[in-house]
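For the record, the sequence lines run as chains A and B. Taking this note's numbering as reference, the numbering of the first sequence is continuous, increasing by one, and the terminal residue is 393. Taking this note's numbering as reference, the numbering of the second sequence is continuous, increasing by one, and the terminal residue is 314. What follows is a short report on a single structure.
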Amino acid sequence: MTQQTTAPAEPTAATASGGAVTLTGISKTWGDFTAVQPLDLTIPEGSFFALLGASGCGKTTTLRMIAGLEEPTSGTVRIGDLDATELPPHKRPVNTVFQNYALFPHLDIYENVAFGLRRRGIKSVKKQVEEMLELVELGHLARRKPHQLSGGQQQRVAVARALINRPKVLLLDEPLGALDLKLRRQMQLELKRIQTEVGITFVHVTHDQEEAMTMADTIAVMNAGRIEQLGAPADLYENPVSTFVANFLGQSNLIEATVSGTSGGDLLLSGIGEGSLAMPAARCATPAASGDKVLAGIRPEKISIVHADDAAEVPDGRNRLTGRIVDASFIGVSTQYVVNSPWCPELAVFSQNVERDSRLAPGAEVVLHWNPAHTFGLDAAQDIDAGTGEAAA
Amino acid sequence: MTAIATPAPAPAPGDAPPAASPPGRAARRRKLVPYWLLLPGILWLLVFFAAPMVYQASTSVQTGSLETGYQVTWHFATYWDAFKEYDVFYLRSLIYAGIATVLCLAIGYPLAYTIAFKAGRWRNVLLVMVIAPFFTSFLIRTLAWRTILADDGIVVSVLDKLHILNATAAIGLTSGDRVLATPLAVVCGLTYNFLPFMILPLYSSLERIDPRLHEAAGDLYARPFTTFRKVTFPISLPGVVAGTLLTFIPASGDYINAELLGSPSEQMIGNVIQSKFLTVLDYPTAAALSFILMAVILVIVSVYIRKAGTEELV
Numbered sequence: 001m002t003q004q005t006t007a008p009a010e011p012t013a014a015t016a017s018g019g020a021v022t023l024t025g026i027s028k029t030w031g032d033f034t035a036v037q038p039l040d041l042t043i044p045e046g047s048f049f050a051l052l053g054a055s056g057c058g059k060t061t062t063l064r065m066i067a068g069l070e071e072p073t074s075g076t077v078r079i080g081d082l083d084a085t086e087l088p089p090h091k092r093p094v095n096t097v098f099q100n101y102a103l104f105p106h107l108d109i110y111e112n113v114a115f116g117l118r119r120r121g122i123k124s125v126k127k128q129v130e131e132m133l134e135l136v137e138l139g140h141l142a143r144r145k146p147h148q149l150s151g152g153q154q155q156r157v158a159v160a161r162a163l164i165n166r167p168k169v170l171l172l173d174e175p176l177g178a179l180d181l182k183l184r185r186q187m188q189l190e191l192k193r194i195q196t197e198v199g200i201t202f203v204h205v206t207h208d209q210e211e212a213m214t215m216a217d218t219i220a221v222m223n224a225g226r227i228e229q230l231g232a233p234a235d236l237y238e239n240p241v242s243t244f245v246a247n248f249l250g251q252s253n254l255i256e257a258t259v260s261g262t263s264g265g266d267l268l269l270s271g272i273g274e275g276s277l278a279m280p281a282a283r284c285a286t287p288a289a290s291g292d293k294v295l296a297g298i299r300p301e302k303i304s305i306v307h308a309d310d311a312a313e314v315p316d317g318r319n320r321l322t323g324r325i326v327d328a329s330f331i332g333v334s335t336q337y338v339v340n341s342p343w344c345p346e347l348a349v350f351s352q353n354v355e356r357d358s359r360l361a362p363g364a365e366v367v368l369h370w371n372p373a374h375t376f377g378l379d380a381a382q383d384i385d386a387g388t389g390e391a392a393a
Numbered sequence: 001m002t003a004i005a006t007p008a009p010a011p012a013p014g015d016a017p018p019a020a021s022p023p024g025r026a027a028r029r030r031k032l033v034p035y036w037l038l039l040p041g042i043l044w045l046l047v048f049f050a051a052p053m054v055y056q057a058s059t060s061v062q063t064g065s066l067e068t069g070y071q072v073t074w075h076f077a078t079y080w081d082a083f084k085e086y087d088v089f090y091l092r093s094l095i096y097a098g099i100a101t102v103l104c105l106a107i108g109y110p111l112a113y114t115i116a117f118k119a120g121r122w123r124n125v126l127l128v129m130v131i132a133p134f135f136t137s138f139l140i141r142t143l144a145w146r147t148i149l150a151d152d153g154i155v156v157s158v159l160d161k162l163h164i165l166n167a168t169a170a171i172g173l174t175s176g177d178r179v180l181a182t183p184l185a186v187v188c189g190l191t192y193n194f195l196p197f198m199i200l201p202l203y204s205s206l207e208r209i210d211p212r213l214h215e216a217a218g219d220l221y222a223r224p225f226t227t228f229r230k231v232t233f234p235i236s237l238p239g240v241v242a243g244t245l246l247t248f249i250p251a252s253g254d255y256i257n258a259e260l261l262g263s264p265s266e267q268m269i270g271n272v273i274q275s276k277f278l279t280v281l282d283y284p285t286a287a288a289l290s291f292i293l294m295a296v297i298l299v300i301v302s303v304y305i306r307k308a309g310t311e312e313l314v
């Protein structure tokens with residue numbers, strides 16, 4: 001609704017058109033410590049873009065360089081047509097929703113939201129502030145002080161305070177980190193709704209992969225100061241290019257194997273299972289010739305599990321592995337199995353609880369099988385456990 | 001007097017908790033705990049504040065002489081006579097204390113701001129330096145200012161060369177080419193002596209401010225000075241109020257600085273009270289002067305707090 005409101009007189013910087021953010025060769029170092037390796041990144045106008053990574057991966061530093069709160073060691077920041085590299089924060093057409101919100105404790109909600117407008121010398125703020133408070137459904141709390149509000153309400157005030165300035169880009173620094181799980185889910189949808197409604201570029205920093213996947217159109221996965229992979233959530237999930245992405249985004253079973261040949265569009269992998277496994281050559285992130293080592297990856301929910309007695313029922317043409325269940329946890333919609341296979345310890349298998357086979361208990365011998373098309377390949381030179389530990393954070 | 005200052009009575013031996021005491025008694029005893037904790041403070045106030053106040057109040061309405069002894073005659077005229085005779089001393093005290101408070105704020109705020117936000121690992125060193133003068137006696141430190149401001153000292157000669165003394169003399173702060181024994185010297189002494197009482201509350205209120213609020217203000221188009229005016233300063237107001245009160249109130253009653261750094265024409269009301277009590281031995285007038293000073297300060301402080309301090313903050 002509100003995006004139709006005519007934007008008031010804005011500072012000259014904001015009149016520059018376009019809400020795309022272009023980072024070119026941008027980096028940040030403090031002494032010997034490199035927080036962000038030189039990186040190039042283009043965030044398209046109007047997108048909901050997530051920078052995803054564990055703490056200390058450089059995602060917040062990248063965001064702060066866009067906001068102007070951190071000076072890049074090298075590189076340039078462009079916002080739309082505007083070279084913002086040298087501009088102080090108050091001259092950039094961006095606004096930030098801070099971690100823990102940083103609401104002004106001495107001002108009420110109304111004045112917090114009006115702050116940006118007043119600083120730009122706009123006299124009649126009433127209509128805009130009221131509209132913005134309506135957008136975040138806080139109109140009735142306008143005269144409260146921030147400390148009288150709940151975490152979720154404070155979060156919405158922080159969003160309103162930033163959005164009212166009609167920035168070209170809204171930067172969100174772990175905006176949901178301080179909320180409990182249920183409220184977080186609710187606010188994710190809320191933020192997504194607001195973004196669709198106002199249509200401006202959102203750049204969202206988070207360590208929560210589910211949050212990133214729920215909200216963003218495009219995710220950049222960051223690790224150790226560089227972008228590991230960039231793409232749509234489904235694309236990242238299905239086709240990770242590194243073990244870090246495979247492990248950080250969801251869960252992956254990675255099995256070391258040797259390429260033994262090709263068959264049609266598939267690579268054949270030997271060294272695991274009774275026969276060989278097949279993998280679409282197009283889904284192998286690394287060029288692989290016969291004799292090369294690769295990591296074959298398969299997501300836990302793609303694997304079907306049957307008891308060894310029923311092994312004959314497994315259709316031909318599926319990749320198959322045998323093993324023994326070491327753990328089974330029932331979690332309602334699905335059951336999570338941990339299966340030890342002679343070729344790979346601790347394979348994770350998620351099985352929908354449609355018809356439960358009571359024989360599938362710890363100790364049972366099983367056959368795992370999946371469609372070869374679901375297999376992806378990664379360079380075996382990487383750390384196979386990258387991204388697993390931090391993922392829980 | 002001291003005989004009354006018996007320690008707070010220890011809990012009676014009968015209170016020793018028998019394990020089998022019914023829960024009602026234990027709960028009752030727990031309810032009494034706050035009162036026991038208050039007791040030492042209340043006794044202290046009674047003995048060293050309330051009792052002397054009553055005693056002074058009665059002294060102030062006595063008449064008589066040292067030879068004949070003093071009698072309570074409800075002679076309230078002492079108040080009016082004392083005020084009429086010494087009104088200029090009150091005015092001078094308030095002006096000196098006011099100037100010293102403003103100077104303390106002007107010097108202390110930037111310093112507290114720097115320590116709170118910019119000092120990094122030097123923060124603690126700077127704080128210790130603020131407090132360090134307290135390791136020397138108040139008297140010694142004030143006496144030292146006589147050397148600093150001595151007629152043939154560097155400060156005076158530099159001020160003189162820069163023609164600053166001419167300017168201060170023109171507005172009556174100094175006289176001739178002297179600084180010692182002028183209002184300026186007394187104000188300097190007051191400022192110096194009470195500065196830490198300004199800095200510490202300011203620091204503690206500034207240090208609690210989340211630096212992200214500064215970033216948020218900058219992000220919302222506030223230039224650095226606007227950020228200070230609209231965010232930092234308003235949030236630090238409780239510290240400003242506490243600091244100015246802790247400076248102004250003791251400074252208005254101070255007599256050491258005027259005694260050591262001023263001449264008879266810089267005497268403050270504290271000097272008058274001191275001499276009435278200890279030299280002239282005119283107790284009723286001295287007591288009346290004290291009460292008038294107290295009343296004047298109370299009025300000023302309550303007006304000030306009404307203006308600046310009641311706003312509910314954080």
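By construction, the Cβ of each residue, glycine as well, lies at the ideal position given by its N, Cα and C atoms. Here the structure is a predicted model, which is why all the values come from computation and not from measurement.
Length of the line joining the Cα atoms of residue i and residue j
i, j, result
"Ala234(A)", "Leu249(A)", "10 Å"
"Asn253(A)", "Asp385(A)", "10 Å"
"Ala242(B)", "Phe134(B)", "19 Å"
"Phe49(A)", "Leu141(A)", "30 Å"
"Val169(A)", "Arg144(A)", "28 Å"
"Leu94(B)", "Gly270(B)", "11 Å"
"Tyr55(B)", "Asp254(B)", "22 Å"
"Met265(A)", "Arg283(A)", "Before going further, note that residue 265(A) is Gly rather than Met in the sequence given. Taking the straight line joining both Cα atoms gives about 10 Å."
"Lys59(A)", "Leu172(A)", "11 Å"
"Thr61(A)", "Val36(A)", "7 Å"
"Phe89(B)", "Ile273(B)", "10 Å"
"Ala102(A)", "Ala217(B)", "9 Å"
"Ile235(B)", "Ser205(B)", "8 Å"
"Ile131(B)", "Ile66(A)", "42 Å"
"Leu261(A)", "Asp357(A)", "As written in the sequence, residue 261(A) is Gly, which differs from the Leu given in the question. Using only the alpha carbons, I get a separation of about 37 Å."
"Ser47(A)", "Asp108(A)", "32 Å"
"Pro146(A)", "Val125(A)", "20 Å"
"Val306(A)", "Glu134(A)", "54 Å"
"Arg141(B)", "Thr182(B)", "18 Å"
"Ile303(A)", "Asp217(A)", "27 Å"
"Glu85(B)", "Ile148(B)", "34 Å"
"Arg25(B)", "Gln99(A)", "50 Å"
"Leu181(A)", "Gly19(A)", "31 Å"
"Leu245(B)", "Lys307(B)", "13 Å"
"Leu230(A)", "Asn239(A)", "11 Å"
"Ala50(B)", "Ile42(B)", "10 Å"
Buried or exposed by the 16-neighbour rule on C-beta atoms within 10 Å, applied to residue i
i, result
"Leu129(B)", "The question names Leu, but residue 129(B) is Met in the sequence shown. Classification for Met129(B): exposed."
"His106(A)", "buried"
"Phe138(B)", "exposed"
"Val33(B)", "exposed"
"Ile325(A)", "buried"
"Gln71(B)", "exposed"
"Asp30(B)", "Note that residue 30(B) is Arg in the sequence shown here, rather than Asp. With fewer than 16 other Cβ atoms within 10 Å, it is exposed."
"Asn319(A)", "buried"
"Pro52(B)", "exposed"
"Gly25(A)", "exposed"
Residue j beta carbon less than 7 Å from that of residue i
i, j, result
"Ile164(A)", "Gln195(A)", "no"
"Thr322(A)", "Asp219(B)", "no"
"Val366(A)", "Ala308(A)", "yes"
"Ser270(A)", "Ser263(A)", "no"
"Pro300(A)", "Val349(A)", "yes"
"Ala185(B)", "Leu261(B)", "yes"
"Pro436(A)", "Lys28(A)", "Beyond the ends of chain A as shown, which are 1 and 393, falls residue 436(A); an answer cannot be given."
"Thr206(A)", "Leu52(A)", "yes"
"Glu256(A)", "Phe244(A)", "no"
#### Entry: 3 or more residues per run - each beta strand (DSSP E) lying fully within the stretch 243-308 of chain A
253-263, 266-270, 277-280, 293-298, 304-307
#### Entry: Residues from the stretch 63-83 of chain A in contact with chain B, defined by Cβ distance under 9 Å
Arg64, Ala67, Gly68, Leu69
### Task
Please name the residues in the stretch 216-231 of chain B whose beta-carbon is closer than 7 Å to at least one beta-carbon of chain A, in chain order.
Ala216, Gly218, Asp219, Leu220, Tyr221, Ala222, Arg223, Thr226, Val231
### Interfacial residues, the stretch 90-107 of chain A to chain B, with Cβ spacing under 9 Å
His90, Lys91, Arg92, Val94, Asn95, Thr96, Phe98, Gln99, Asn100, Tyr101, Ala102, Leu103, Phe104, Pro105, His106, Leu107
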